[in-house]
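There are 2 protein chains.
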Amino acid sequence: MKRVYNFSAGPGVLPEAVLQEAAAEMLDYQNNGMSVMEMSHRSAMFQKILDDAQNDLRTLMNIPSNYKVLFLQGGATTQFSMIPMNLLKNGVADYIVTGAWAKKAAKEAKKFGKINIVASSEDKNFSYIPDVSDLLLSDDADYLHMCDNNTIYGTKFKKLPNAKGHILVTDISSSILSEEIDVTKFGLLYAGAQKNVGPAGTTIVIIREDLVRTDLPENMPVMMRYDIHVEKGSMYNTPPTYGIYLCGKVFKWLLNLGGIKAIQKINEEKAALLYDYLDQSQLFKGTVEKESRSLMNVSFKTNNPEIDAKFIAQAKENNIVNIKGHRSTGGMRASMYNAMPIDGVKALVAFMEKFEKENI
Amino acid sequence: MKRVYNFSAGPGVLPEAVLQEAAAEMLDYQNNGMSVMEMSHRSAMFQKILDDAQNDLRTLMNIPSNYKVLFLQGGATTQFSMIPMNLLKNGVADYIVTGAWAKKAAKEAKKFGKINIVASSEDKNFSYIPDVSDLLLSDDADYLHMCDNNTIYGTKFKKLPNAKGHILVTDISSSILSEEIDVTKFGLLYAGAQKNVGPAGTTIVIIREDLVRTDLPENMPVMMRYDIHVEKGSMYNTPPTYGIYLCGKVFKWLLNLGGIKAIQKINEEKAALLYDYLDQSQLFKGTVEKESRSLMNVSFKTNNPEIDAKFIAQAKENNIVNIKGHRSTGGMRASMYNAMPIDGVKALVAFMEKFEKENI
Numbered sequence: 262m263k264r265v266y267n268f269s270a271g272p273g274v275l276p277e278a279v280l281q282e283a284a285a286e287m288l289d290y291q292n293n294g295m296s297v298m299e300m301s302h303r304s305a306m307f308q309k310i311l312d313d314a315q316n317d318l319r320t321l322m323n324i325p326s327n328y329k330v331l332f333l334q335g336g337a338t339t340q341f342s343m344i345p346m347n348l349l350k351n352g353v354a355d356y357i358v359t360g361a362w363a364k365k366a367a368k369e370a371k372k373f374g375k376i377n378i379v380a381s382s383e384d385k386n387f388s389y390i391p392d393v394s395d396l397l398l399s400d401d402a403d404y405l406h407m408c409d410n411n412t413i414y415g416t417k418f419k420k421l422p423n424a425k426g427h428i429l430v431t432d433i434s435s436s437i438l439s440e441e442i443d444v445t446k447f448g449l450l451y452a453g454a455q456k457n458v459g460p461a462g463t464t465i466v467i468i469r470e471d472l473v474r475t476d477l478p479e480n481m482p483v484m485m486r487y488d489i490h491v492e493k494g495s496m497y498n499t500p501p502t503y504g505i506y507l508c509g510k511v512f513k514w515l516l517n518l519g520g521i522k523a524i525q526k527i528n529e530e531k532a533a534l535l536y537d538y539l540d541q542s543q544l545f546k547g548t549v550e551k552e553s554r555s556l557m558n559v560s561f562k563t564n565n566p567e568i569d570a571k572f573i574a575q576a577k578e579n580n581i582v583n584i585k586g587h588r589s590t591g592g593m594r595a596s597m598y599n600a601m602p603i604d605g606v607k608a609l610v611a612f613m614e615k616f617e618k619e620n621i
Numbered sequence: 262m263k264r265v266y267n268f269s270a271g272p273g274v275l276p277e278a279v280l281q282e283a284a285a286e287m288l289d290y291q292n293n294g295m296s297v298m299e300m301s302h303r304s305a306m307f308q309k310i311l312d313d314a315q316n317d318l319r320t321l322m323n324i325p326s327n328y329k330v331l332f333l334q335g336g337a338t339t340q341f342s343m344i345p346m347n348l349l350k351n352g353v354a355d356y357i358v359t360g361a362w363a364k365k366a367a368k369e370a371k372k373f374g375k376i377n378i379v380a381s382s383e384d385k386n387f388s389y390i391p392d393v394s395d396l397l398l399s400d401d402a403d404y405l406h407m408c409d410n411n412t413i414y415g416t417k418f419k420k421l422p423n424a425k426g427h428i429l430v431t432d433i434s435s436s437i438l439s440e441e442i443d444v445t446k447f448g449l450l451y452a453g454a455q456k457n458v459g460p461a462g463t464t465i466v467i468i469r470e471d472l473v474r475t476d477l478p479e480n481m482p483v484m485m486r487y488d489i490h491v492e493k494g495s496m497y498n499t500p501p502t503y504g505i506y507l508c509g510k511v512f513k514w515l516l517n518l519g520g521i522k523a524i525q526k527i528n529e530e531k532a533a534l535l536y537d538y539l540d541q542s543q544l545f546k547g548t549v550e551k552e553s554r555s556l557m558n559v560s561f562k563t564n565n566p567e568i569d570a571k572f573i574a575q576a577k578e579n580n581i582v583n584i585k586g587h588r589s590t591g592g593m594r595a596s597m598y599n600a601m602p603i604d605g606v607k608a609l610v611a612f613m614e615k616f617e618k619e620n621i
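Residue numbers (our numbering), protein chains in the order written: chain A, 262 to 621; chain B, 262 to 621.
Structure, rendered in structure tokens:
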């Protein structure tokens, strides 16, 4: 069996131990004689899988009891619509635009209300997190939206925006479970599972219960209503059962590791290995401001696109794959999600050192 | 390893050969060093998985080139909204209500237009398919909606409704790929994958290209627009990659078996075994009209709910599981999807014979 070091930005690497368990249980989950995929979502077996997943996520993220946890479908993109459709009362919201996804979220929200861009880093191709300590927010804004970690560029908020009493909403698709976060600072947090949690097709939504409105327009599609999903415990219709099962396994893997504090320490070590190397390299350089650096996604390049291409190709020959940067940034990007072992980062840095010697 | 005969109505049994392949490939798909779950959806590897799945489904169902095939999220329930949101022009549609799901589809559609129920079998708890040869349709109906196979009750349309020139739309969640169907009779066909195709979380939509409208209201959520999904080849955002991979494996399994003609023959044999037994049994009887019987879902009961409960419990001890009927019908239901081997039906009938002797 071959395994590579997979630095994909998402869907991304999953813990090998989780995949091994899933393979072993594929035809027979816990002596029930069937795969989790073949189980009725109304069965006690699956209800336990769902309940365990929810409880373990609550433990990991220290989610208070006045927050609801939902496992939905449709990815973060569906949340771009659901958030304004469910949260707008005054019809006004503020958005911080720190990347392509935050920009898409704002664009989608404009269909449903008056959206103000209160901060943006688009002037420098999203290579930094703007100062958000004293934003000019709309008095009647129903919420302030941010994207915590910007996968494409490799930036992350180090300090939360001063929301000045407004509800803070955050996309945590590429930072969920990577470091500690204070859920109580937010009204709603959401993440597509496919970067740091599980397979594509499951979306995690954490919503403060007072934001789960029932006084919504009559003509809202039923699947776009948080209240329905809350009322039905994520089972208004058949949920993505296998995806939830795998997310649950990842949660247990993290708990066994020591929780978020422990994985954050490992993630910081991994990131330091690569950033420290970049900071002294003569060939490679990081592409974002140091103060905005993400632990999860590290963007870097040489000063020559041909050398970048050569590096990417040779890396692949050395089983270091999916490090090509996004087309909007060029260069390279190494996504180092929780499941990327520190040995993978060591292998990447060792290969970069070797390549640098040969190409400078 | 234990395997049971799993008669679940959905999520339901999957071909054992497919699960075995998936388990074997879990950590390393075709020597790429990663699981399909860990692949970028933008990679050539995954694009081939998606293209193969689409092409194989086209072959199996003989889908003409003027139909688009989409792999979406959100289940049939999301289609209940998307269909009226995308197809209503005059704001009028006709619905045939032959079960709880068809009724839900109509109820959801009422949010978006004037919906007429042109036929219903609710008067007899959906135990038959009404005469649909000469319905009083709305002149200006944008489409006529039906649910081909009614999972809860075990009924199926044996003859298509006379749509009188209107566009026919059908939910085929529990009959897709079970028997031959003439796609050209429909404008749109849709199915949640979790009954007869793959894991929950993937929805198949087959839509005639002239129905893919772009002149839609500005404020429609982007994920609810067929035109966007068509334009982006089911990859506007990250699709349910692992679900699509498994659907693709089931398509190849069916092709190797000889396609729909071959599986239909097997399904007819399986259904005949059970229905023939029911028709002569002194203890059990089928609950729907003979002319409306589904090949996929067979509902039956004794005349005593206590005997039903005893039967269900004893069946489970004999590895015949998930045969409890839906709460709205009571009794028993055996769902015999493509992946249920004929030996499973033989085992069920043999157990029923034994139980009948002991309990009459």
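No residue lacks a Cβ here, since even glycine has one placed at the ideal position from N, Cα and C. This structure is a prediction, so every number in the text was calculated from the model and none was measured.
Query, Result
"Per DSSP, cross-strand counterpart(s) of A:Thr431", "A:Met407, A:Leu450"
"Chain-order list of residues whose beta-carbon lies under 6 angstroms from that of B:Ala363 (same chain, five-residue window excluded)", "Cys408"
"Beta-carbon separation (whole angstroms), A:Ser589 vs A:Ile413, contact threshold 8 angstroms", "6 angstroms"
"As assigned by DSSP and simplified to three states, the class of A:Gly667", "Within the shown structure, residues of chain A are numbered from 262 to 621, placing residue 667 of chain A beyond reach of any answer."
"Inter-residue CB distance, A:Thr499 and B:Ala461 (contact presumed, cutoff 8 angstroms)", "4 angstroms"
"Stretch-stretch touch, CB-based, cutoff 8 angstroms, three pairs: the stretch 439-448 of chain B with the stretch 424-431 of chain B", "yes"
"Limits of the alpha helix (DSSP H) - the one that B:Leu534 falls within", "520-541"
"Alpha carbon of B:Tyr538 to alpha carbon of B:Val610, nearest angstrom", "7 angstroms"
"Within 7 angstroms, strictly: CB atoms of B:Gly273 and B:Tyr506", "no"
"Local Cβ density within 10 Å of B:Ile603, reported as buried at 16 or more and exposed below that", "exposed"
"Residue burial classification, B:Glu529 (beta-carbon count within 10 angstroms, cutoff 16)", "exposed"
"Residue interval of the alpha helix (DSSP H) (run including B:Met622)", "Because chain B spans 262 through 621 in this model, residue 622 of chain B falls outside it and cannot be assessed."
"Backbone secondary structure at B:Tyr503 - three-state DSSP", "helix"
"Closer than 8 angstroms at the beta carbon, the chain A residues around B:Ser296", "Leu275, Leu280"
"Cβ pair count under 8 angstroms reaching 3, the stretch 270-285 of chain A against the stretch 279-298 of chain B", "yes"
"Nearest to A:Ser381 (by Cα), restricted to the options A:Ala523, A:Pro422, A:Leu556, A:Phe612", "A:Pro422"
"Listed by chain order, chain A residues near B:Ala283 by CB distance under 7 angstroms", "Met287"
"B:Ser342 (DSSP reduced to helix, strand or coil)", "helix"
"Beta-carbon gap between A:Ser399 and A:Asp355 smaller than 7 angstroms", "yes"
"Alpha carbon of B:Gln543 to alpha carbon of B:Glu614, nearest angstrom", "10 angstroms"
"Coil, strand or helix - A:Lys385 by DSSP", "helix"
"Cβ neighbour criterion (16 or more within 10 Å) applied to B:Gln334", "buried"
"Three-way DSSP call (helix, strand, coil) for A:Ser596 in this model", "strand"
"Close-in-space but distant-in-sequence residues of the same chain around B:Ile584 (CB under 7 angstroms, 5 per side omitted)", "Phe268, Ile573, Ala576, Met593, Arg594, Ala595"
"Cβ of B:Met624 within 7 angstroms of any chain A Cβ", "In the structure displayed, chain B extends from 262 to 621; residue 624 of chain B sits before or after that span and is not available."
"Proximal residues of chain A, C-beta to C-beta of B:Asn503 below 8 angstroms", "What sits at residue 503 of chain B in the sequence shown is Tyr, not Asn. Result: Pro460, Ala461, Gly462, Tyr503, Gly504."
"Pick from A:Ile621, A:Gln281, A:Gly426, A:Asn457 that is closest to A:Glu440, judged by C-alpha positions", "A:Asn457"
"Neighbour flag for A:Gly336 against chain B, beta carbons, 7 angstroms", "yes"
"Under 7 angstroms by beta carbon: chain A residues contacting B:Met485", "Pro482"
"Contact with chain B by A:Arg264, beta-carbon distance below 7 angstroms", "yes"
"According to DSSP, residues forming a beta bridge with B:Val330", "B:Ile467"
"Simplified DSSP assignment, three categories, for A:Tyr497", "coil"
"For A:Ala354, the first and last residue of its enclosing alpha helix (DSSP H)", "A:Ala354 -> not in any alpha helix (DSSP H); beta strand (DSSP E) instead, spanning 353-358."
"Residue-chain proximity (A:Thr499, chain B), Cβ-Cβ < 7 angstroms", "yes"
"B:Pro272 at chain A interface by Cβ criterion, 7 angstroms", "yes"
"Reduced DSSP category for B:Ile568 - H, G, I as helix; E, B as strand; rest coil", "helix"
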